[in-house]
Every structure is written in C-alpha cells, then in structure tokens.
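In what follows, a single structure is set out as structure tokens and then discussed.
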Amino acid sequence: MNVARSNTAIGTTATAEPHGAYRGRFAPSPSGRLHSGSLLAALGSYLDARHQGGRWLIRIEDLDTPRNQPGLAADIVQTLARLGLESDETPLYQSSRLPAYEQALAQLQDGGLTYPCSCTRSQAGPGVYGGHCRAGPSGPSPHALRLRQADDHVLAFNDRLAGVQRQTWRELGDPILRRRDALIAYQLAVVVDDAYQGITDIVRGSDLLASTGWQLAVAQALQLPTPRYAHLPLLLAADGSKLSKSASAAAVAEQPPATVLVDTLGYLQQAPPAELYRASIGQILDWGIAHWQPERLRGITTLTEKGPA
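With my numbering applied, the sequence shown corresponds to residues 174 to 482, in that order.
Shown next, in the form of structure tokens:
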C-alpha cells in the first residue's frame, strides 16, 4: 500500500514505489535563470529516467537564502514546463524541509559525529579542509558544524560515465553540515532529500563529481541508502569559459524551445537529425527518450556550446 509520509521524515520516501523503480531528479537553485549548461543536466536526467520507465522529479534547492532571487524558482519551473520537462510530482522546496534537516543534524550530534568549526575560508586554507578544529574551535562563535570522519575513511563509487571513483578523507576533508550563518549546508540537505524522495539515480553535471564523496559520507553516517550516479560533461561557453547564472550566459527562456532542445541533444552527443528542429516539443522528447545512449558521453569531460550563427 502506498503511504504518504510526513514532510519532516529523514529517510522514508515521500511516495512509496515498487522496489527498485527508477526515481531521478533535477535540483536547480533559484540563484539565476536556467541557462544551457543547467538545461543539459535537466534534459540528461529527464531522458535517463524516461528511457528506463522511471519517474522524474524537480526539487528547488532554495536554502541559500542570500543568493536566492525573487520569482526565479517559479521562472525555472515554468521554463522547464515550456520545454515539456514537467515533474511527475509536485516540486519539492527545500525551504519547506527545515525540520527534517534539523532532525538529521541532531542524529549526527547525538552520535558524536559532529564538531564545531570557527575557521573562515582564509583560516581553513586553500583546498581541502584538514580538520583544524577537531580538538575544539580555534576562534569565537559563530561556529560552523562539520561531520567528523575517520582518518582512514575511503569513499568509493562507480559512476556510470566517469567510472570508478575513490576519495579518501585526506582528499575530501570534513564537510560542513551547518554553516557559520546558521544555514543548513547543501551536503546535508541533498542527502536527506534524496532519501526522503526515494531517489535511485542522480544524473547531474560533472562539476558536482568531486563533492559526491561528501554526500556518501553523510549518507553513511545517517545510515541512509545511496543512489547510483552519472556525471555529465560540463558544458562550456563558445569561448571556452564556464557558463554561469551570474554571468552573461543566455537564459533558456529567451530561446525557441525546439531549437534549444535539439541543440542540447546534440551537446549530449545523441546525434539528433536535422529535421527534428521542425518537430513539436513532444516529438523531440519522444525521439530523445527512444534514442537515449548515455554511453556516448563516456570519456568526455567538457563540451562546448555553439557560438552565434
């Protein structure tokens, strides 16, 4: 029997599904409008879910309130719908899930798996955080809260596109669970929400590959299941620079839907036929679902956006 669960639950799914049923998601933050790089991740995750007969969800990651822009969450959902990419369930907003994150944080604290950290970014030093405050914070409050890992902790997973990944504590450092400004950190929230929504597969950009070990560490500490991963190549601007919501990347909403979808299929190495530019949105997506071959992306780390015609 399918049972709807409390919105504060940590590891129980919001909607029960048959065992092993594919559940994927796209989780944008409302800090900028959807651009071609974020659409590549959205379409790739959508096609992967649909090709395997699974469900595809939208989650709005709006915890970083200083960076949120008013109205952009709705703009993103509307832009995706205009492209035929509609969530199979009501989009989940992280801002509605604060009790669940606090519950998870309390569980880790009760287990002695956290410690306060007073380091600023400059004090922590470049690169990986080496646990300077493990014996106690070295400065005054406010403190961040970090996950304490064993020095010999190894996080390993087999990425469907990038292959076997192995990350040690010394390569990762201890992830932040709650920031110095008291906001719940992404690494905790994403793990709690993936478990709550029953996510089995995560298809996302390779810019998040390095942080996967942190998420595995948090999931293990909370005794939550871990999904399968596939990290897509990063799409760069025509000049080779990184696309950014805060830079000059063109907003997807300002481009013809059929053009942007077929172009994105091309970036995903799916070789769409030229006549698809004249097809309807439904026909384009049907073609993409039927012909989805993610293995074409193996060994590719970056892609380049087309320049102006």
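From the three backbone atoms N, C-alpha and C, an ideal C-beta is built for every residue, glycine too.
As the structure is a prediction and not an experimental result, all values here were calculated from the model.
- Query: Cα separation between LEU408 and TYR440?
  - Reply: 8 Å
- Hey, GLY413 and THR477 are a contact pair by Cβ (cut 8 Å); roughly how many whole angstroms apart? 7 Å
- Query: Near GLY257, what residues of its chain come up, given a Cβ to Cβ distance below 7 Å and the 5 sequence neighbours on each side ignored?
  - Reply: ILE454, GLY455 and LEU458
- May I have the straight-line CA-CA distance separating VAL250 from THR437, to the nearest angstrom? 18 Å
- Message: I need the straight-line Cα distance from GLY472 to ASP332, nearest angstrom please.
- Response: 12 Å
- Going by other Cβ atoms of all chains shown within 10 Å of its Cβ, with 16 needed for buried, is ALA370 buried or exposed? The residue you asked about is not Ala; residue 370 is Gln in the sequence shown. The residue in question, GLN370, is buried, as its Cβ has 16 or more Cβ neighbours within 10 Å.
- Message: Restricting to Cα atoms, I'd like to know which of SER218, LEU381, LEU361 and ILE375 is closest to ARG319.
- Response: LEU361
- Nearest CA to the CA of ARG228: which residue from GLU234, SER218, LEU236 and ASP237? SER218
- Task: Could you check how far apart the C-beta atoms of ASP374 and ASP221 are, in whole angstroms? I think they sit under 8 Å.
- Result: 7 Å
- Query: Start and end of the beta strand (DSSP E) containing HIS224?
  - Reply: Run containing HIS224: none in the beta strand (DSSP E); it sits in the alpha helix (DSSP H), 209 to 224.
- Query: Which class does ARG270 belong to by DSSP, given the choice of helix, strand or coil?
  - Reply: coil
- Task: Note down the Cα distance separating SER419 from SER211, rounded to an integer number of angstroms.
- Result: Because SER419 carries a pLDDT of 45, less than 50, the predicted location of this residue cannot be relied on, and the following value inherits that uncertainty. The alpha-carbon atoms of SER419 and SER211 are separated by roughly 13 Å.
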